[in-house]
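Numbering-wise (the working numbering), the sequence shown opens with residue 1 and increments by one.
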Amino acid sequence: MTTTINTLFGVHEHALKFRSQRAEVLASNMANADTPGYKARDFDFKSALKQLGEPARQLKVSHAKHFSTNSSASSISLAYRVPTSASLDGNTVDAQSEQARYAQNALDYQTSIRFLDGKISGYLSALRGE
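So this is what it looks like as structure tokens:
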């Protein structure tokens, strides 16, 4: 089995990128917990990783002033979270659940970091002949 630099770290390279972006979204939700009318947003991490296996879709540009798009693995579609109970001012952020999601995301981020650290340590040991 040959290992190329592109397959060296597997999905964890992209997982770290997605976890980092999700942390920003969750932090934004928590920062706006008291903002009237703010709608909590998030994205589905599993579907974002699933996009990695799908070929990129290109839209056909028919006019010079149209925007070109590239549906790559780094693009994430944010969705508004359905609130369990919205407040009277229209804010849909539940601070406690946002903190729990943020903590879980941080743990998952650390898990990917530890996995990558183990892979790198293993490759370094092999290169040193240990």
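Glycine included, every Cβ here is placed at the ideal spot set by N, Cα and C.
Proximity to LEU88 across ALA27, ALA15, LEU16, ASP34 peaks at ASP34, based on C-alpha coordinates. Below 8 Å, enough C-beta pairs join the segment 92-102 and the segment 14-30 to call them touching: three or more. Straight across, the Cα-Cα distance linking LEU124 with HIS12 is about 18 Å.
About 17 Å separates the Cβ atoms of PHE43 and ALA100, ruling out a contact at the 8 Å cut-off. Put simply, the backbone Cα of ILE120 is about 14 Å away from that of GLU130. Here ARG22 is buried: its Cβ has 16 or more other Cβ atoms, across all protein chains shown, within 10 Å. Just so you know, the alpha carbons of PHE18 and PHE45 end up roughly 7 Å apart. The alpha carbon of SER20 has as its nearest neighbour, out of GLY118, TYR102, ALA126, GLY122, the alpha carbon of TYR102. The Cβ-Cβ distance between SER77 and ALA15 does not fall below 7 Å. Of TYR109, PRO83, SER47, the smallest CA-CA separation from ALA40 is found for PRO83.
Residue state for ASP117 is assigned as helix, using DSSP reduced to three classes. If the five residues before and after LEU26 are omitted, its C-beta is found closer than 8 Å to the C-beta atoms of ASP42, GLU98, ARG101, TYR102, ASN105, all from its own chain and listed in chain order.
Here the alpha carbons of GLU24 and PHE9 stand approximately 23 Å from one another. When the Cα atoms are used, GLY118 and LEU49 turn out to be separated by approximately 21 Å.
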